[in-house]
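1 is the number of the first residue of the sequence shown in the UniProt record's numbering; add one for each residue after it. Virtual Cβ for every residue (Gly too), placed ideally from N, Cα, C.
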Amino acid sequence: MFPISHFNITKTPFYYYDKTLLSNTLAKLIRLAGERNYHVHYAVKANANPEILKLIAASGIGADCVSGGEIKAALEAGFPAKKIVFAGVGKADWEIEYALEKKIFCFNVESAEELSVIEELAKKKENIASIALRINPNIDAHTHEYITTGLSENKFGIPIEMLDSIFSQIQRSPHVQLVGFHFHIGSQILNLETFHVLCERINQLQDDLSKRNIQVKHINVGGGLGVDYENPDKNPIPDFGRYFDIFQHNLNLRGGQQLHFELGRSIVCQCGSLITRVLYIKKGIEKQFVIVDAGMTDLIRPALYQAHHCIENITSDMEKCRYDVVGPICESSDCFGRDVMLNETKRGDLIAIRSAGAYGEAMASQYNCRTLPGYLIE
Ligand SMILES: Cc1ncc(COP(=O)(O)O)c(C=O)c1O
1 MFPISHFNIT KTPFYYYDKT LLSNTLAKLI RLAGERNYHV HYAVKANANP EILKLIAASG
61 IGADCVSGGE IKAALEAGFP AKKIVFAGVG KADWEIEYAL EKKIFCFNVE SAEELSVIEE
121 LAKKKENIAS IALRINPNID AHTHEYITTG LSENKFGIPI EMLDSIFSQI QRSPHVQLVG
181 FHFHIGSQIL NLETFHVLCE RINQLQDDLS KRNIQVKHIN VGGGLGVDYE NPDKNPIPDF
241 GRYFDIFQHN LNLRGGQQLH FELGRSIVCQ CGSLITRVLY IKKGIEKQFV IVDAGMTDLI
301 RPALYQAHHC IENITSDMEK CRYDVVGPIC ESSDCFGRDV MLNETKRGDL IAIRSAGAYG
361 EAMASQYNCR TLPGYLIE
């Protein structure tokens, strides 16, 4: 599966992206969304590699950005401004001004305070900002606490109880136009029943608001569809059909209302692996450590979220042995996996850390004055 002969001449560590898998994933997603007339925006935060962005932009879907830098990257990759949504609790003035100048599709507004700033900046530019209100539906996504975003204790979105005063604020301003409601409850959600609960919460809200003649053109349910980190080869493409069916069967859209999604992980995760070389096999008292040249600076998910990734020795076909696979960074959390069964490993072997296409390269840092990882796409 991996073109190891090329890998021997590529400097490690690097991300290897399988273009065919990405294309197949996009084709399936676009077909299933198209059949239901759904609109998908790729969550750029998952992977902003310029070549990956170009491939996704060429497929025709939109982009979901959380910073001015992401909007710039999305435009450069070829996403049209009219398909870009801009979310985030802390939009800086320059980012709002930039998004207004570029005439993006919509701001996902996260607070009354932010709304006032957008209003003021749009007025200064004699512009009208299209906005969706990001509503915090207070739903438990049953995922890791660091990637749960839809509970009232989280910083994201506007509590339903505060909507009334925001509606009055919007009505008073000729410089903002309410076009949608936005929700995003968390990431790596595998229990699809959670999205059913979201649909019910949205139905209830729309019923309440329609009694007061408040209706919007767009409902955006965010992203969050999980992937199979345990079996990347068995389930390389997430079950977009089952996911969309939940919304098709449970969300009551009003006449003419469009449904939007912001998917990140489910689009890019399985097409990427982090390839790293073994520096040392270190024998401890109770453990054997495989020390590789990639660290938490290249892939932070295991250290940050205790995330699991399948790890394979792609250059050995020896009997399996038990190892802890660790990086060179001066932190005990710099560990990719404990008690991993790997083909017997020696210095110089290549290790693939699978399902690393999402929140991998995008979260890389230069801690310890390290160089950022390279990449190979084919
Ligand atoms: C507002 C918003 N939309 C979409 C996403 C993408 O989520 P995922 O990669 O789980 O699909 C995120 C991720 O955290 C997000 O914060």
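The beta strand (DSSP E) spanning residue i covers which residue range?
| i | result |
| --- | --- |
| D207 | It is not in any beta strand (DSSP E) - D207 instead sits in the alpha helix (DSSP H) that spans E193 to S210. |
| V66 | First-last for V66: undefined, no H or E at that position. |
| S130 | A129 to N136 |
| I219 | H218 to N220 |
| E312 | I311 to N313 |
| L100 | Here L100 belongs to no beta strand (DSSP E); instead the alpha helix (DSSP H) covers D93 to K102. |
| V109 | C106 to V109 |
| I237 | Where I237 is concerned, there is no enclosing beta strand (DSSP E), given that its DSSP letter is neither H nor E. |
For the putative contact between residue i and residue j, defined by C-beta atoms under 8 Å, what is the C-beta separation to the nearest angstrom?
| i | j | result |
| --- | --- | --- |
| L176 | A129 | In the sequence under discussion, the amino acid at residue 176 is Val, which differs from the Leu named in the question. Indeed they touch by this definition, with Cβ atoms about 5 Å apart. |
| S355 | Q270 | 6 Å |
| I158 | I104 | 20 Å between Cβ atoms; not a contact. |
| H309 | Y229 | 6 Å |
| Y42 | G68 | So it is not a contact: roughly 17 Å between Cβ atoms. |
| H368 | C330 | Sequence inspection shows Asn at residue 368; the His mentioned does not correspond to that position. Indeed, because the Cβ distance is near 7 Å, the residues count as touching under 8 Å. |
| P328 | D293 | 7 Å |
| A362 | K91 | Not really, about 19 Å apart at Cβ, beyond 8 Å. |
| E286 | G223 | Not a contact, Cβ separation roughly 41 Å. |
| G295 | Y15 | Between Y15 and G295 the Cβ distance is about 14 Å, and since that is not below 8 Å, they are no contact. |
| L21 | P236 | 6 Å |
| I160 | L205 | 7 Å |
Residues in the same chain with beta-carbon distance under 6 Å from residue i, minus the five sequence neighbours each way, listed in chain order, please.
| i | result |
| --- | --- |
| H182 | N108, A132, R134 and N220 |
| L342 | N313 and Y323 |
| I96 | I118 and L121 |
| R338 | D324 |
| S333 | A303 |
| I56 | Y42 |
| D245 | none |
| H196 | I246 and N250 |
| A87 | V66 and N108 |
If I measure Cβ to Cβ from residue i and keep anything under 7 Å in the same chain, skipping five residues before and after, which residues do I get?
| i | result |
| --- | --- |
| residue 382 | Shown here, the chain extends from 1 to 378; a query on residue 382 therefore has no answer. |
| Q248 | R36 |
| S59 | L26 and I30 |
| L100 | L121, A122, K125, N127 and A129 |
| I84 | G62, A63, C65, I71, A74, I104 and F105 |
| L190 | G226 |
| K54 | A77 and G78 |
| D298 | P13, L274, A364 and P373 |
| G357 | Y17, N47, V268, C269, Q270, C271 and G272 |
| I281 | Q288, V290, T345, K346 and R347 |
| L192 | R242, Y243 and I246 |
| D207 | none |
| E114 | K91 |
| P232 | Q270, C310, R354 and S355 |
Pull the bridge partners of residue i from the DSSP assignment, please.
| i | result |
| --- | --- |
| T276 | I351 |
| K282 | F289 |
| P159 | N136 |
| L263 | Y42 |
| M341 | R322 |
| C335 | V326 |
| F2 | DSSP output for F2 lists no bridge partner at all. |
| N49 | Per DSSP, none; premise fails for N49. |
| L376 | Y16 |
| L225 | I189 |
| L178 | I131 |
| G62 | H41 |
| F86 | C65 and F107 |
| Q258 | H218 |
Starting from the C-beta of residue i, find all residues in its chain whose C-beta is less than 8 Å away, skip the five residues before and the five after it, and write them out in chain order.
| i | result |
| --- | --- |
| S316 | L342, N343, E344, T345, K346 and D349 |
| L251 | C199, I202, N203, I219, V221 and L259 |
| residue 387 | Absent from the model: residue 387. The displayed extent of the chain is 1 to 378, so no value can be given. |
| K82 | K103, I104 and F105 |
| A112 | I158, M162, S165, I166 and Q169 |
| K19 | L55, C271, I377 and E378 |
| R277 | T12, P13, V292, D293, G348, D349, L350 and I351 |
| V326 | F289, V290, I291, V292, D334, C335 and F336 |
Residue range of the alpha helix (DSSP H) that residue i falls in?
| i | result |
| --- | --- |
| L299 | Per DSSP, L299 belongs to no alpha helix (DSSP H) and is neither H nor E. |
| A43 | Taken as a continuous stretch (DSSP letters only), A43 belongs to no alpha helix (DSSP H), being part of the beta strand (DSSP E) at H39 to A43. |
| N250 | F240 to N250 |
| A122 | A112 to K124 |
- Just the residues with CB closer than 5 Å to a heavy atom of ligand 1, in chain order, which are they? A43, A46, A87, H184, S187, G222, G223, G224, E262, L263, G264 and R265
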